[in-house]
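Undergrad: When we follow the working numbering, the leftmost residue of the sequence shown carries the number 384, and every step to the right adds one.
C-beta atoms are modelled at their ideal positions from N, C-alpha and C, and glycine is treated no differently.
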Amino acid sequence: MRRAALHAIQTTLWLGLICAGHASAQTVSTAPATSPIITDADMARVRRTQIAPTDQDIERARRQYSAPLSLSVPAAPTTPDIGALPQPLASRPIDLGTIAHAYASNPDGPAALPRSTTSPSLLVFISLTMPKATLQRLVEQAARAQASLILRGLVNGSLRDTVVQVQQLIGQHQASVQIDPQAFDRFSIARVPAFVLIRNGARPTSCSSGTCAPPQAFVRTAGDVSLDYALEHMVRVAPGLQHDARAFLQRLQRIEAPQLPARTMN
């Protein structure tokens, strides 16, 4: 089909050349104008002067000027896939059932009474009714020193309210918060904040057995002071617990923190 088209074009060109030659001859001739007659000899002569395209020429032109391929492009979805979008990090839910079970199944209190003590323990007794600034300071220091924060009981008698307030208090800090009313009796805690350092290797006795922790097993101090100030006070008043107190002080001193002046110490 392409060859037939090219042949038609060439024939048209030949006819144009022949007509042009006759027209030129008519211009210089003084004879009367007559219509040109194209003979077979004229056609053969023009055909011999033209170079006909070969099959290779046609194939080369086809490859060079081929039509663009039709690409298959998937259509855009009409509605976005919400499930494919990045999801925000959800906060960890509060497992009230687990907390309630642990609280109810241990009448002697949680970890404030060490089951098997192989290292010193530091307890910070607090109340959620204390000033917020004081609580935040103690939470931050307890997390760094790896001390446990001890509450006497539930807020408004509600475990849910207690958990909500505790989570708001500790925020992103890795702090241990325990509810242990007997620990207040075991270590004779009459005011908060209070700080108790249990000797390395000591095993205080539960008050439910009739006796509380022996005095030589721990050192206690109380007052509206920072945790590092309380530990320094323990170093001075309890030489036998200096090594244990200094171990917690070293954890606190890894990051400098401002110290508040002491008000009263018991």
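Residues in the same chain with beta-carbon distance under 7 Å from Ala558, minus the five sequence neighbours each way, listed in chain order, please.
TA: Result list for Ala558: Val522, Ala525, Ala526 and Leu532, in chain order.
Undergrad: Look at the Cβ atom of Arg634, then the Cβ atom of Val618, and state whether they are nearer than 8 Å.
TA: It is not a contact, given that the beta carbons lie outside the stated cut-off.
Undergrad: I'd like the list of long-range same chain contacts for Pro514, defined as Cβ closer than 7 Å, with 5 residues on each side in sequence excluded.
TA: Once the five neighbours on either side are set aside, Pro514 has no close Cβ partner at all.
Undergrad: Just to confirm the assignment, what range does the beta strand (DSSP E) spanning Leu506 have?
TA: From DSSP, the beta strand (DSSP E) with Leu506 extends over Ser504 to Phe508.
Undergrad: Kindly indicate which three-state DSSP category Arg637 falls into: helix, strand or coil?
TA: Arg637: coil per DSSP, three-state reduction.
Undergrad: Please identify the residue among Asp440, Pro598, Gly554 and Pro622 whose C-alpha is closest to the C-alpha of Leu518.
TA: The shortest Cα separation from Leu518 among Asp440, Pro598, Gly554 and Pro622 belongs to Gly554.
Undergrad: Over the uninterrupted beta strand (DSSP E) stretch that includes Arg603, give me the two end residues.
TA: Its beta strand (DSSP E) spans residues Phe601 to Ala605.
Undergrad: With DSSP as the reference, identify every bridge partner of Ala577, one or two as the case may be.
TA: Partner(s): Phe508 and Ala605.
Undergrad: Taking the C-alpha atoms as reference points, what is the distance between Val538 and Ala577?
TA: The alpha-carbon atoms of Val538 and Ala577 are separated by roughly 19 Å.
Undergrad: For Ala530, which option in Leu511, Arg430 and Gln561 has the closest C-alpha, if you only look at C-alpha atoms?
TA: For the residues Leu511, Arg430 and Gln561, the minimum Cα distance to Ala530 belongs to Gln561.
Undergrad: Between Leu511, Asp563 and Val579, which has its C-alpha nearest Asp544's C-alpha?
TA: When each option's Cα is compared against that of Asp544, the closest is Leu511.
Undergrad: List the residues that DSSP assigns as beta-bridge partners of Ser531.
TA: DSSP lists Leu506 and Ser559 as partners of Ser531.
Undergrad: For a quick check, are the C-beta atoms of Leu632 and Val602 less than 8 Å apart?
TA: No, Cβ-Cβ distance for Leu632 and Val602 is not below 8 Å.
Undergrad: Are the beta-carbon atoms of Pro564 and Gly536 separated by less than 8 Å?
TA: Result yes, Cβ atoms of Pro564 and Gly536 sit closer than 8 Å.
Undergrad: Does the Cβ of Asp627 have 16 or more other Cβ atoms within 10 Å, making it buried, or fewer, making it exposed?
TA: Buried is the call here.
Undergrad: Expressed to the nearest angstrom, what Euclidean distance is found between the alpha-carbon atoms of Thr413 and Arg431?
TA: Here Thr413 scores only 48 on pLDDT, less than 50, and its place in the model should not be relied on; the value that follows carries that caveat. Distance between the alpha carbons of Thr413 and Arg431: 31 Å.
Undergrad: Looking at Leu610: is its Cβ nearer than 8 Å to the Cβ of Ala528?
TA: Against a cut-off of 8 Å, the Cβ pair of Ala528 and Leu610 comes out as a contact.
Undergrad: Which residue's Cα is closest to the Cα of Phe508: Glu442, Arg582, Gly606 and Arg443?
TA: Checking every option, the nearest Cα to that of Phe508 belongs to Gly606.
Undergrad: Among residues of its own chain, excluding the 5 on either side of Leu624, which ones have a beta-carbon nearer than 7 Å to its beta-carbon?
TA: Contacts found: Leu580, Arg582, Val602 and Met617.
Undergrad: The alpha helix (DSSP H) spanning Tyr612 covers which residue range?
TA: Its alpha helix (DSSP H) spans residues Leu610 to Val620.
Undergrad: Thinking C-beta only, is Leu614 closer than 8 Å to Ala566?
TA: No, these two residues do not count as a Cβ contact at 8 Å.
Undergrad: Whose C-alpha, out of Val546, Gly540, Leu552 and Ala600, is nearest the C-alpha of Arg569?
TA: Among Val546, Gly540, Leu552 and Ala600, the Cα nearest to that of Arg569 belongs to Ala600.
Undergrad: Spatial neighbours of Ala435 within its chain, please: C-beta separation below 6 Å, excluding the five flanking residues on both sides.
TA: For Ala435, where only same-chain residues beyond five positions count, there are no Cβ hits under 6 Å.
Undergrad: To the nearest angstrom, how far is the alpha carbon of Gln447 from that of Asp440?
TA: Computed Cα separation, rounded: 11 Å.
Undergrad: Let's test the definition: count the other Cβ atoms within 10 Å of the Cβ of Thr422 and tell me whether it reaches 16, buried, or not, exposed.
TA: With fewer than 16 Cβ atoms within 10 Å of its Cβ, Thr422 is classed as exposed.
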